[in-house]
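*Asks:*
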Amino acid sequence: MLPIWLTLVLTCSYANALAQTPTVGIVYPEVREPYRSVFLEIARGMEQELGRPVAHYLLSERDTSPERLIADLKNDRIDVVVTLGRAGLAMAKGLVGVLPVVIGATIVRPEEAPQGLTGISLTPAPEAMFDQLKKLVPNVKKITVIYDPRQTAWEIRHAERAAQERGLVLQAQPTASLRDASDSFRQILIDIKDNSIALWLPRENAALDEQSLFPEVLREAWEKNFVVFSSNLDHVRKGALFSLYPDNFGMGRSLASLAVQQVQPGGKLEPVKLLRDLLVAVNLRTAEHLGLQFSNQTRREFAMVFPAP
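Here the sequence shown stands for residues -19 to -1, 1 to 290, where the numbers follow mature numbering (1 follows the signal peptide of the UniProt record, and there is no 0).
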């Protein structure tokens, strides 16, 4: 048994830590499974990071006005708000200037983030994608990507820096229409001769026709033995080598850390970040076809594999 004096010291220390930790409210839409579990897992990560519970505020389709939410938040003495999903982002715009706000669990482009907001986009950080590529396929020297500049120009700018820092060449080709994109993809499929060049498919990719062009890309990749990797998890199930997808618990911890920063004196408002809390999904059938061999340690890092065992 601990001495009484030590018990009192530990109790006071814990109470002081709680007093210094902000009271965080989490705002998200009232949705069905499996989306509800995603939001709850994010909340669990936040609570782990904060060391205290977070207050939940559900948004219904009938009540989209921020006034009632603001009243509830102030009544509950919330210090900082974390909003999740597109509905949460819409609500966050009405909270700016009232409370510090952090946005998450939605794809946010820099131009979409209103003044006074910070957060984490669901877009996987390109550097994380490229690090995983180098780990799984070390002989890749060049990455090719076709993109719609109206949608992902900002992500490509970020990716160009990330590739250069890793000694990779990023060949990024903008396209103005699906027809132009189809021509560009087909030319790339002709030009790629070996697996020293990999094709990257961003998560948001209006340049790729999922119904007709994507299956053609996978067929050519299979026949020519080159790597296709994607920021879209569903592509791995269909045959892309790997993808990175959100670690919801880890994302919750990162959102909580941002929330704490927002209420610290002199805290700097950072721009919206790209997602770094990520899990790895790998198509083992594609990897075997490419002749890739993974160590047991590397295999243990795969959170999801296809085909499912």
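Glycine included, every Cβ here is placed at the ideal spot set by N, Cα and C.
Is there contact between the stretch 33 to 41 and the stretch 199 to 218, where contact requires at least three CB pairs shorter than 8 Å?
*Replies:* In short, these stretches do not touch, since the Cβ pair count stays below three.
*Asks:* Give the secondary structure of THR(-13) by DSSP, where H, G and I count as helix, E and B as strand, and everything else as coil.
*Replies:* Residue mapping note: residue -13 aligns to position 7 of the sequence shown, counting from 1. Because the pLDDT at THR(-13) is just 45, under 50, the model does not fix this residue reliably, and the value given afterwards should be weighed accordingly. Helix at THR(-13).
*Asks:* Looking at the unbroken alpha helix (DSSP H) that takes in LEU50, where does it start and where does it end?
*Replies:* Position 69 of the sequence shown, counted from the start, is the residue given in the question as residue 50. It spans 47 to 56 - the alpha helix (DSSP H) in which LEU50 sits, taken as one unbroken run.
*Asks:* Would you check if the stretch 263 to 282 and the stretch 228 to 238 touch, i.e. whether three or more CB-CB distances between them fall below 8 Å?
*Replies:* No, they do not touch.
*Asks:* Straight-line CA distance for GLU141 to ARG147?
*Replies:* Residue mapping note: residue 141 aligns to position 160 of the sequence shown, counting from 1. Residue mapping note: residue 147 aligns to position 166 of the sequence shown, counting from 1. Approximately 10 Å between the Cα atoms of the pair.
*Asks:* If ILE101 sits next to LYS254, beta carbons under 8 Å apart, how far is it from one beta carbon to the other, in whole angstroms?
*Replies:* In the sequence shown, the residue the question calls residue 101 occupies position 120. In the sequence shown, the residue the question calls residue 254 occupies position 273. ILE101 to LYS254, Cβ: 5 Å. Contact.
*Asks:* Quick check: what's the CA-CA separation for GLU204 versus SER41?
*Replies:* As a working mapping, residue 204 is identified with position 223 in the sequence shown. As a working mapping, residue 41 is identified with position 60 in the sequence shown. Spanning the two alpha carbons is a distance of roughly 49 Å.
*Asks:* Straight-line CA distance for GLU191 to ILE137?
*Replies:* Counting from 1 along the sequence shown, the entry for residue 191 is found at position 210. Counting from 1 along the sequence shown, the entry for residue 137 is found at position 156. About 20 Å.
*Asks:* If you follow the alpha helix (DSSP H) that ALA143 is in, where does it begin and where does it stop?
*Replies:* To locate residue 143, count along the sequence shown from 1; it is residue 162. 130 to 146 is the extent of the alpha helix (DSSP H) around ALA143.
*Asks:* Of the choices THR2, GLY75 and GLU108, whose alpha-carbon is the least far from that of PRO95?
*Replies:* For the purposes of this step, residue 95 is taken as the residue at position 114 of the sequence shown. Out of THR2, GLY75 and GLU108, GLY75 has the C-alpha closest to the C-alpha of PRO95.
*Asks:* Would you kindly check if the distance between the Cβ of LEU225 and the Cβ of PRO119 is under 7 Å?
*Replies:* For the purposes of this step, residue 119 is taken as residue 138 along the sequence shown, with counting starting at 1. For the purposes of this step, residue 225 is taken as residue 244 along the sequence shown, with counting starting at 1. Contact: no.
*Asks:* In the structure shown, what three-state DSSP assignment does ASN229 receive?
*Replies:* For the purposes of this step, residue 229 is taken as the residue at position 248 of the sequence shown. ASN229 falls in the helix class under three-state DSSP.
*Asks:* Count the C-beta pairs between the stretch 47 to 56 and the stretch 16 to 32 that are closer than 8 Å, then say yes if the count reaches three, no if not.
*Replies:* In short, these stretches do not touch, since the Cβ pair count stays below three.
*Asks:* In this structure, how does DSSP classify ALA284 when only helix, strand and coil are distinguished?
*Replies:* Working through the sequence shown from its first residue, we reach residue 284 at position 303. Note: ALA284 maps to strand in three-state DSSP.
*Asks:* Classify ILE171 as helix, strand or coil using the three-state DSSP reduction.
*Replies:* On the sequence shown, residue 171 is found 190 positions in, with the first residue counted as 1. It is helical.
*Asks:* Taking DSSP as the reference, what is the three-state secondary structure of ALA86?
*Replies:* By 1-based counting over the sequence shown, the position of residue 86 is 105. Here ALA86 sits in strand by DSSP.
*Asks:* Touching or not, the stretch 113 to 131 and the stretch 179 to 197, by the rule of three or more beta carbon pairs under 8 Å?
*Replies:* Cβ pair count under 8 Å is three or more, so yes.
*Asks:* Taking DSSP as the reference, what is the three-state secondary structure of GLY272?
*Replies:* Locating residue 272 in the sequence shown gives position 291, where the first residue counts as 1. Correct three-state label for GLY272: coil.
*Asks:* GLN113 by DSSP, collapsed to three states: which one?
*Replies:* The residue given as residue 113 occupies position 132 in the sequence shown. GLN113 falls in the helix class under three-state DSSP.
*Asks:* What residues in its chain sit with their C-beta under 6 Å from that of GLN132, if we drop five residues either side in the sequence?
*Replies:* In the sequence shown, residue 132 corresponds to position 151, counting from 1. Cβ within range, chain order: GLU185 and ALA187.
*Asks:* Would DSSP call ALA71 helix, strand or coil?
*Replies:* As a first step, residue 71 is located in the sequence shown; it is residue number 90 there, counting from the start. Looking at ALA71 - three-state DSSP - the assignment turns out to be helix.
*Asks:* Are VAL208 and ALA162 touching if we call contact CB-CB under 7 Å?
*Replies:* Your numbering for residue 208 matches position 227 in the sequence shown. Your numbering for residue 162 matches position 181 in the sequence shown. Not closer than 7 Å, so no.
*Asks:* Could you check what DSSP says for ASN186 in three-state terms: helix, strand or coil?
*Replies:* If you number the sequence shown from 1, residue 186 lands on position 205. ASN186: coil per DSSP, three-state reduction.
*Asks:* Is it right to say PHE287 is buried, meaning 16 or more other beta carbons lie within 10 angstroms of its own, or is it exposed?
*Replies:* To locate residue 287, count along the sequence shown from 1; it is residue 306. Burial call: buried.
*Asks:* Using the beta-carbon count (16 or more within 10 Å), is PRO183 buried or exposed?
*Replies:* Stepping through the sequence shown from its first residue, residue 183 is reached at position 202. Looking at its Cβ environment, which holds 16 or more other Cβ atoms inside 10 Å, PRO183 is buried.
*Asks:* Rounded to whole angstroms, what is the Cα-Cα separation between GLY247 and ARG160?
*Replies:* Numbered from 1 along the sequence shown, position 266 holds the residue referred to as residue 247. Numbered from 1 along the sequence shown, position 179 holds the residue referred to as residue 160. Going by the C-alpha atoms only, they are around 50 Å apart.
*Asks:* Who pairs with HIS37 in a beta bridge, going by DSSP?
*Replies:* As a working note, residue 37 is residue 56 in the sequence shown. According to DSSP, which records beta bridges pairwise, HIS37 is partnered with ILE7.
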